[in-house]
Amino acid sequence: MTTSSDKIAIKDFNFYFNEKQVIHNLNLGIPPNKIFAVIGPANSGITTLLRSLNRLCDLSHEARQEGEILLDGRNIRAPDVSVTELRRRVGIVFDVPTPLPMSIFDNVAYGPRLNRKTRGKNKSALSGIAEEALRQAALWDEVKDRLNAPAMSLSGGQQQRLCLARVLALKPEVILLDRPCSGLDPISTAKIEDSLIELKNRFTIVISPHNIQQAGRVSDRIAFMLMGRLIEEGANADVFSNPKDQRTSDYITGRFG
Ligand SMILES: Nc1ncnc2c1ncn2[C@@H]1O[C@H](COP(=O)(O)OP(=O)(O)O)[C@@H](O)[C@H]1O
Ligand SMILES: [Mg+2]
1 MTTSSDKIAI KDFNFYFNEK QVIHNLNLGI PPNKIFAVIG PANSGITTLL
51 RSLNRLCDLS HEARQEGEIL LDGRNIRAPD VSVTELRRRV GIVFDVPTPL
101 PMSIFDNVAY GPRLNRKTRG KNKSALSGIA EEALRQAALW DEVKDRLNAP
151 AMSLSGGQQQ RLCLARVLAL KPEVILLDRP CSGLDPISTA KIEDSLIELK
201 NRFTIVISPH NIQQAGRVSD RIAFMLMGRL IEEGANADVF SNPKDQRTSD
251 YITGRFG
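Heads up: the sequence shown at position 232 corresponds to 232 in the working numbering, and the numbers run straight through without jumps.
Listed below in structure tokens is the structure:
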């Protein structure tokens, strides 16, 4: 179901890799300022869906899609949509942190330096943007005294929060997170979850959570996908306490997946 107040509306969406269909007739509305979790066992099409939301799948020549994805009511594939601008508005954080081989500060300042709106800003303006993004990603206190150290010297959990800060520095509207805590210790995971809950006041967040428990802790709404099909979608408490479909119930109680 989609409504006109959705930040993102996915309509009759089909996705194919060559002849293989990996997303089937998906209709899904993602409301603003909420954490929306998409859950499901491996090969449900969740990564493909997240990547489609900022057109990362455009790069693969075997990919083909049908249907529409609307951002604020506008088709993200409309001919006049700039992919660069779309990816600034809709940022993505992957499961494996991928800092650039440069300093902590430069990782966060990299996007704003290239971006049309913030290009040419002086050092102190960039410092302000970087500090705000690092604070929002709950990393500032740990790195403020070593901003010029290589990003690679950070722990895995810190690198993941740095990747989140890099996205936040572009002042996106939507943040996509594809299993952002899969390689992280519980303390780093808790820090990321706390910052997401804080951030949802200003952003729309779509997360493929690390596991069911994480979906339960952080999300407002949950969509359950299985083999490329949406099985059900609803408010967190409803999906957990009163699932409509037996397969959802089996999945969240750990019978499979
Ligand atoms: N580049 C690709 N080429 C062909 N098939 C792919 C490609 N990427 C993913 N797939 C297939 O698409 C299906 C969905 O994958 P994916 O979106 O990664 O699911 P999930 O994130 O839910 O595990 C899987 O069957 C996977 O093998
Ligand atoms: Mg995946």
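Even glycine gets a Cβ: it sits at the ideal position worked out from N, Cα and C.
Keep in mind the model is a prediction, meaning the values are calculated, not measured.
Answer yes or no: do residue i and residue j have a C-beta to C-beta separation smaller than 9 Å?
{"i": "Glu193", "j": "Gln214", "result": "yes"}
{"i": "Ile23", "j": "Leu70", "result": "no"}
{"i": "Asn33", "j": "Arg202", "result": "yes"}
{"i": "Ala223", "j": "Val93", "result": "no"}
{"i": "Ile30", "j": "Val206", "result": "yes"}
{"i": "Ile8", "j": "Val167", "result": "no"}
{"i": "Pro243", "j": "His210", "result": "no"}
{"i": "Pro112", "j": "Ala151", "result": "no"}
{"i": "Phe36", "j": "Arg221", "result": "yes"}
{"i": "Val96", "j": "Ser153", "result": "no"}
{"i": "Glu85", "j": "Asp12", "result": "no"}
{"i": "Leu134", "j": "Lys144", "result": "yes"}
{"i": "Ser4", "j": "Gly73", "result": "yes"}
{"i": "Ile231", "j": "Thr248", "result": "yes"}
{"i": "Leu177", "j": "Ser208", "result": "yes"}
{"i": "Pro101", "j": "Phe256", "result": "no"}
{"i": "Arg89", "j": "Asn115", "result": "no"}
Just how far apart, CA to CA, sit residue i and residue j?
{"i": "Leu26", "j": "Leu147", "result": "43 Å"}
{"i": "Trp140", "j": "Phe17", "result": "41 Å"}
{"i": "Gly91", "j": "Asp245", "result": "32 Å"}
{"i": "Ser195", "j": "Pro186", "result": "14 Å"}
{"i": "Asn236", "j": "Ser219", "result": "6 Å"}
{"i": "Gly157", "j": "Ser188", "result": "5 Å"}
{"i": "Glu62", "j": "Ala125", "result": "42 Å"}
{"i": "Glu233", "j": "Met227", "result": "15 Å"}
{"i": "Asp162", "j": "Lys20", "result": "For clarity, residue 162 is Leu in the given sequence; the question names Asp instead. Spanning the two alpha carbons is a distance of roughly 36 Å."}
{"i": "Glu132", "j": "Ala169", "result": "8 Å"}
{"i": "Ala165", "j": "Gln65", "result": "31 Å"}
{"i": "Ala149", "j": "Pro172", "result": "26 Å"}
{"i": "Ile129", "j": "Asp250", "result": "45 Å"}
{"i": "Arg229", "j": "Met1", "result": "14 Å"}
{"i": "Arg51", "j": "Asn43", "result": "14 Å"}
{"i": "Ile212", "j": "Gln159", "result": "24 Å"}
{"i": "Lys200", "j": "Gln136", "result": "11 Å"}
{"i": "Asp238", "j": "Leu28", "result": "17 Å"}
{"i": "Met225", "j": "Thr204", "result": "20 Å"}
{"i": "Leu59", "j": "Asp6", "result": "27 Å"}
{"i": "Ser241", "j": "Lys191", "result": "26 Å"}
Practice item. For ligand 1, enumerate in chain order all residues having a CB closer than 5 Å to any of its heavy atoms. Key: Phe17, Val22, Ala42, Asn43, Ser44, Gly45, Ile46, Thr47 and Thr48
Exercise for review: Report yes or no: do three or more beta-carbon pairs, one from the segment 45-58 and one from the segment 129-140, lie closer than 8 Å?
Suggested key: no
Exercise for review: Report yes or no: do the segment 34-54 and the segment 102-113 share at least 3 C-beta pairs separated by less than 8 Å?
Suggested key: no
Review point. In the segment 173-255, which residue ranges form an unbroken beta strand (DSSP E) of at least 3 residues, counting only runs that do not cross its ends?
Key: 174-178, 204-208, 221-226 and 229-235
Check your understanding: What runs of the alpha helix (DSSP H), each 4 residues or longer, lie entirely inside the segment 85-115?
Key -> 104-114
**Study point:** beta strand (DSSP E) segments (min. 3 residues) lying fully within the segment 19-67
**Key:** 20-30 and 35-39
Check your understanding: Where in the segment 133-180 do unbroken runs of the alpha helix (DSSP H), each at least 4 residues long, occur, reported from the N-terminal end onward?
Key -> Given a length threshold of 4 residues, each whole run of the alpha helix (DSSP H) inside the segment 133-180 is given here in chain order: 140-143 and 156-168.
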